[in-house]
Every structure is written in structure tokens, then in C-alpha cells.
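Only one structure is covered here, and it is reproduced in the block below.
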Amino acid sequence: MSTNKSYKTREEILVKGREAIGIPFKQIDQTNRLTTGKGAIGSVMEESWFGYNINNEANPDFSSAGVELKVTPYKSTRNGLRAKERLVCNIINYMEEYKTTFQTSSFWKKCNTMLLMFYEHKENLSKGDFTIDEVVLFSFPKEDFLIIEKDWEIIVGKIKNGKAHELSERDTLYLGACTKGATAASVRQQPFSDISAKQRAFSLKESYMTYLLNKYILGNEADERIIKNPSLLKEQSFEEIIVSKISQHFGKTQQQLLAEFELKTSAKNVNELLLARMLGIKGRLSSTEEFQKANIILKTIRVNSDDSITESMSFPAFNFQKIVTENWEDCDFKNMLEQMKFLFVIFRYNNINELIFDNILFWNIPEPDLDEIRTVWERTVAILKQGVQLKTIGKRTYNNFPKSSENRVAHVRPHARNSQDTLTLPDGRQMPKQCFWLNNTYIREQLQKNFSPK
DNA sequence: GCATGATCATGC
DNA sequence: GCATGATCATGC
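The structure is reproduced here in C-alpha cells:
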């Protein structure tokens, strides 16, 4: 089956692509592809707009120009425009990928230059009414290229270590290894272990796509970048660079740091402000280009002098009525956890109760622990469906959601402004907003696992 | 003392 | 005004 022969240059491809802007897909579709399931819109553009047969070749769609066609959705949210999903590139052949270098890898061969066609997914419209809104010919800028190369090496490193079955999309920053297959049971062989591994594909993370979208569609100005000189990334990983910039401050008290950076604030996010100063960032750390592209979430952890941790870690409140309509496999919470990379900023109380800046840790949830969270999530949904049991004693109202004592990893607890800050339960009653929390004991366990001598 | 319910402070 | 990250505080 041939790839497209009619478009030989990048310019021709871009011009033809841009001509599609504003035309509803139902007018473009000549082969009734829109009625099919996932990927229907991409198929329409390939067949009916560019006029070539759908293929799954290793070469880019426009092979002579070296351009891969990608049609990708975004959505409008109260936080602005966001990519609706990760951009899935090519399936990883564990048996072959480790034999190449990044430059000769399957991912780079296929996707180093892409024609990105963005369309808005609107909740109340059908696919046929959607239109392409923006088209760009995209090549990776140097600062991203170097991070993506490292990401690829991390993924291939796991294959080489016989750990393809332990791959997770959260291992990396921009280029992820996302699961790909009809069911979670879609597995493949790996070269250095007998354990079969989930089928995965190289993909650009949702957060990375959101950044591209805002840059290209909205024309938003670039945000502050932490690593001003991308060449540094040739020597060290992003995480290593951050640690090397910050480690000189380990051991200082919070008071010393506040004085050193001339910060006067009672804000609960002082530690984020301090970290930003250490990195030479003027604005918020979470607004930097790298943090946005990789969806790095900063969390402060205070460790007591006896190594215990008092507080559990909260997440956004969930909507009772929405969560009961979801399945774990495609629910909001799992999706969020799968996409998050955490930066733990660790402070430790010394024996005279001073708060000492102790360390930082880039962390993500290990796959087996995500399964633990699944049980908590499913119990929560089951309880909501049965009707939560509420018992008021004095000023406090007790419930029967999963407690921290019931699961090693997570529990459910209120997360509201006060007890009047409620949402409607599926049965119509009101209840203070709740969220999933990572247990304080679990956080402690994770810190010990990552910092104990190997 | 700890688990769990309750609430604060900020930024957008 | 609300979401969010962070922290307080009651009562078992």
C-alpha cells in the first residue's frame, strides 16, 4: 500500500493542510469514516482530504517530504484551552527499539516533523460539525529535542534492563510510553525478560500538547524557562540540573532562606516561592515552560524530627455526581495521576523545631500503587452508589468513605472551605466536598524508598 | 497520639 | 467566588 505521492514538499503539505481550516468534517468525509470509532477524524483527513490510503508504515505519512500527519483535538476549559489527549505516535517494538540510537529510532524517523492539525472537541456537537482551526508544520525546538532524547533513553533503558513491564508514562517528561491496545491485556514480548509487557506507544504528553496549542493557536508568549541554556541538557538530565542548582541550599533553615531571598510573606506557598528564587525564576515555578510541558506538580512535605510525616497529600475535590458515572480505566482521577510528575520539596524539623530545607525529589506513582488507589476509588464509587452513611456527632459529621487505616496508599477526606462548602450527592443530599488523599505514611514510605542507600 | 473532619490563605 | 495547596484541631 502506498503512502501519499501527490504532496512532495513541506510547503505543499502545509498549504493543503491549511485549506481545511473551517470546513466541517462531515463535508470533508467521502468514505463514511466518521461513523467509525476512535481515530475516525484522522482517517477522514488522510483519505478524503489528502487522498491517500490509511497505512501503518514505519515511514512518515508523507515519506518524500518526511512529514507525519497528526490531527489532534483540544477542548475549552475554565483554565483556557487544553489538549484533549496525548498525541500517540508509534507503537514501541520492544524487540527492536533498543537496537537503535535516538536519531535512528522509530519515533524520530516517523515523527521528527509533523503537520499538526488542531480541532476543537465540543461536548454538545457531533464529530461531523467539528472543524480544523489551526495547522502548523512542527519540528521540535532544541530545548525540547534534548529533553525528548533523554526521555527516549529512559524508556529504552528500561527495555534494556528487562523492565519493559514496569514502564509508565510518568517515567519521563515530554515523551511518554503510554499504553496502547484494545484492552489492558494487550501485551508483547520484551527482549531481556520473560515477563510479557503491556503494549505501549511513544506519545507526546497531554501537558506538552497543551503547551503547543497555546503557543500556536492562541499565540501566547513563551513563559519563563528554567534552563536558559539548552546545551546544558546534553550533559545532564533536567532533574539533575535542577538538583545541582538547588543543592547548595540544603541544610539552611526556612528563616535563613527567606532572609537570603528577601521574601516577606505569610503565603502557604512560601516554599514554592523559595524554590523559584533558588532557580532564578521571577514568577511562579508552576508557570515555567518546563513545569507546564511536563505537568510537574510541586508539593511541599514537612518531615518531623522522628521521620514521621503529619500531613497527607490532597488532590482536587471530586464531583460526586460525575464520579459515579465513570469507570476507573478512563476516570478523571486516574487520568490525572497518570499525567502528573511530582516535585517533592522536603523540609525537616530539627530537634529545636526549626524547619530545615532537606532535599527535593522528582517522583511519580509506581504502577502497583496505582492499583491500590484503584481499590480506594472503586470503593468510594460503590459507597456513593449505595448512599453515603452520614452521622453527625456534635460539630462533626462522620462518613463511611475509605479511611487511611484501610489502605496503604490512599484515603478519602473532606477538602472544602468549610462544612457549608458542599456538593450534591447522587441521592440529592449535600455533603462537604471530598477528595482523594495520599496517606502520610505512604509518603514517608516513598521518601525512605528513594533516599535510603541503595 | 493519631485519624479524620474542618478550615485557612492565596491566586486567578 | 471558587479552586487549590496547605495546615489546623477535635475527639476517639
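In the numbering used here, the protein residues as written are 40 to 493.
Ideal Cβ positions, reconstructed from N, Cα and C, are used throughout, including at glycine.
Keep in mind that this is a model prediction, so the values were computed, not measured.
* **Straight-line gap, residue 359 to residue 465 (C-alpha atoms, nearest Å)** => Indexing the first sequence from 1 puts residue 359 at position 320. Indexing the first sequence from 1 puts residue 465 at position 426. Taking the straight line from one Cα to the other gives about 7 Å.
* Should residue 347 and residue 483 be called a contact, given that it needs their Cβ atoms to be closer than 8 Å? -> Here the question's residue 347 lines up with position 308 in the first sequence. Here the question's residue 483 lines up with position 444 in the first sequence. Yes, they are a contact pair.
* How long is the line joining the alpha carbons of residue 98 and residue 266, rounded to whole angstroms? -> The residue labelled residue 98 in the question sits at position 59 within the first sequence. The residue labelled residue 266 in the question sits at position 227 within the first sequence. Distance between the alpha carbons of residue 98 and residue 266: 33 Å.
* **Assumed close pair residue 256, residue 157 - CB separation to whole angstroms, cut-off 8 Å** => Here the question's residue 256 lines up with position 217 in the first sequence. Here the question's residue 157 lines up with position 118 in the first sequence. With 8 Å as the limit, residue 256 and residue 157 qualify as a contact, their Cβ atoms being about 6 Å apart.
* To do: Report the three-state DSSP secondary structure of residue 134 (helix, strand or coil).
  => Against the first sequence, residue 134 aligns to sequence position 95. The answer is helix: DSSP assigns residue 134 an H, G or I state.
* With residue 203 and residue 238 assumed to form a contact (beta carbons below 8 Å), what rounded beta-carbon distance in angstroms separates them? -> The residue given as residue 203 occupies position 164 in the first sequence. The residue given as residue 238 occupies position 199 in the first sequence. Not confirmed; about 10 Å, so no contact.
* For residue 257: DSSP bridge partner residues -> Here residue 257 corresponds to residue number 218 of the first sequence, with the count starting at 1. Answer by DSSP bridge pairing: none, since residue 257 is not bridged.
* Asked: From which residue to which residue does the alpha helix (DSSP H) around residue 374 run?
  -> Sequence index remark: in the first sequence, residue 374 carries index 335 (1-based). Note, residue 374: alpha helix (DSSP H), 371-378.
* Report, in whole angstroms, the separation of the C-beta atoms of residue 334 and residue 444, which I expect to be a contact under 8 Å. => In the first sequence, the residue the question calls residue 334 occupies position 295. In the first sequence, the residue the question calls residue 444 occupies position 405. Wrong, their Cβ atoms sit about 31 Å apart, outside the cutoff.
* Proximal residues to residue 430 (C-beta, below 6 Å), its chain only, five neighbours per side dropped -> If you number the first sequence from 1, residue 430 lands on position 391. Hits under 6 Å: 437.
* To do: Starting from the Cα of residue 193, find the closest Cα among 297, 105, 213 and give me that residue.
  => Counting from 1 along the first sequence, the entry for residue 193 is found at position 154. The option with the nearest alpha carbon to residue 193 is 213.
* Own chain partners of residue 506 with C-beta closer than 6 Å, once the 5 adjacent residues on each side are dropped -> Residue 506 is absent from the structure shown; the chain starts at 40 and stops at 493.
* To do: In the DSSP assignment, find the beta strand (DSSP E) that holds residue 402 and state where it starts and stops.
  => As a working note, residue 402 is residue 363 in the first sequence. It spans 394-402 - the beta strand (DSSP E) in which residue 402 sits, taken as one unbroken run.
* For the alpha helix (DSSP H) holding residue 297, just list the boundary residues, first then last. => Counting from one through the first sequence, the residue named residue 297 turns up at place 258. 293-299 is the extent of the alpha helix (DSSP H) around residue 297.
* Which partner residues does residue 465 have in the DSSP bridge list? -> To locate residue 465, count along the first sequence from 1; it is residue 426. Partner(s): none; residue 465 has no beta bridge.
* Would DSSP call residue 232 helix, strand or coil? -> Here residue 232 corresponds to residue number 193 of the first sequence, with the count starting at 1. Three-state DSSP puts residue 232 in a strand.
* Buried or exposed: residue 407, going by 16 or more other Cβ atoms within 10 Å of its Cβ? -> If you number the first sequence from 1, residue 407 lands on position 368. With fewer than 16 Cβ atoms within 10 Å of its Cβ, residue 407 is classed as exposed.
* **Own chain residues within Cβ distance below 7 Å of residue 282, not counting five before or after** => Here residue 282 refers to the residue found at position 243 of the first sequence. If we look at residue 282 and ignore the five residues flanking it on each side, its Cβ neighbours are 399.
* To do: Note down the Cα distance separating residue 503 from residue 244, rounded to an integer number of angstroms.
  => Within the shown structure, residues of the chain are numbered from 40 to 493, placing residue 503 beyond reach of any answer.
* **One or two residues paired with residue 473 in a DSSP bridge** => One-based indexing of the first sequence puts residue 473 at position 434. Note: residue 473 sits in a beta bridge opposite 357, 453.
* **Distance between residue 382 and residue 392 (C-alpha atoms, nearest Å)** => Along the first sequence, one-based indexing puts residue 392 at 353. Along the first sequence, one-based indexing puts residue 382 at 343. Each residue's alpha carbon lies about 24 Å from the other.
* Would the region 54-68 and the region 120-129 be scored as touching if the rule is three or more Cβ pairs under 8 Å? -> no
* Asked: Which same chain residues, not among the five before or five after residue 105, have their C-beta less than 6 Å away from its C-beta?
  -> The residue labelled residue 105 in the question sits at position 66 within the first sequence. Excluding positions up to five away in sequence, the list reads 99, 152.
* Asked: Can you tell which of 426, 56, 185, 159 has the C-alpha that lies nearest to the C-alpha of residue 116?
  -> In the first sequence, counting from the first residue as 1, residue 116 sits at position 77. Among 426, 56, 185, 159, the Cα nearest to that of residue 116 belongs to 159.
* Whole-angstrom Cβ separation of residue 446 and residue 415, contact assumed at under 8 Å? -> Position 407 of the first sequence, counted from the start, is the residue given in the question as residue 446. Position 376 of the first sequence, counted from the start, is the residue given in the question as residue 415. That belief holds up - the Cβ atoms of residue 446 and residue 415 are roughly 5 Å apart, short of 8 Å.
* Reference residue 201; option with closest CA among 390, 137, 209 -> One-based indexing of the first sequence puts residue 201 at position 162. Here the closest residue by C-alpha is 137.
* With 16 other Cβ atoms within 10 Å as the buried cut-off, status of residue 503 -> The question about residue 503 has no answer here: the residues shown for the chain are numbered 40 through 493.
* Asked: By Cβ distance below 7 Å, which residues in the same chain neighbour residue 454 in space, the five residues on each side in sequence not counted?
  -> One-based indexing of the first sequence puts residue 454 at position 415. Answer for residue 454: 353, 356, 472, 473, 474, listed in chain order.
* To do: Would you mind sorting residue 268 into buried or exposed? The rule is 16 or more other CB atoms within 10 Å of its CB.
  => On the first sequence, residue 268 is found 229 positions in, with the first residue counted as 1. The residue in question, residue 268, is exposed, as its Cβ has fewer than 16 Cβ neighbours within 10 Å.
* Report buried or exposed for residue 251, applying the criterion of at least 16 other Cβ atoms within 10 angstroms of its Cβ. => As a first step, residue 251 must be located in the first sequence, where it is residue number 212. The residue in question, residue 251, is buried, as its Cβ has 16 or more Cβ neighbours within 10 Å.
* Which of the three DSSP states, helix, strand or coil, is assigned to residue 407? -> The sequence position of residue 407 within the first sequence is 368, counting from 1. Of the three classes helix, strand and coil, the one that applies to residue 407 here is helix, per DSSP.
* Asked: Can you tell me whether residue 485 is buried or exposed, with buried defined as 16 or more other CB within 10 angstroms of its CB?
  -> By 1-based counting over the first sequence, the position of residue 485 is 446. It counts as buried.
* Determine the burial state of residue 54: buried for a count of at least 16 other Cβ atoms within 10 Å of its Cβ, exposed for fewer. => Residue numbering aside, residue 54 sits at position 15 when the first sequence is read from its first letter. Exposed: under 16 other Cβ atoms inside 10 Å.
* Across which residues does DSSP place residue 128 in a beta bridge pair? -> Your numbering for residue 128 matches position 89 in the first sequence. According to DSSP, residue 128 bridges with nothing at all.
* Just mark residue 236 as buried or exposed, buried being the case when its beta carbon has 16 or more other beta carbons within 10 Å. => Within the first sequence, the letter at position 197 stands for residue 236. Label assigned to residue 236: buried.
* To do: Give a yes or no on contact between the region 309-319 and the region 287-301, applying the rule of three or more CB pairs nearer than 8 Å.
  => yes
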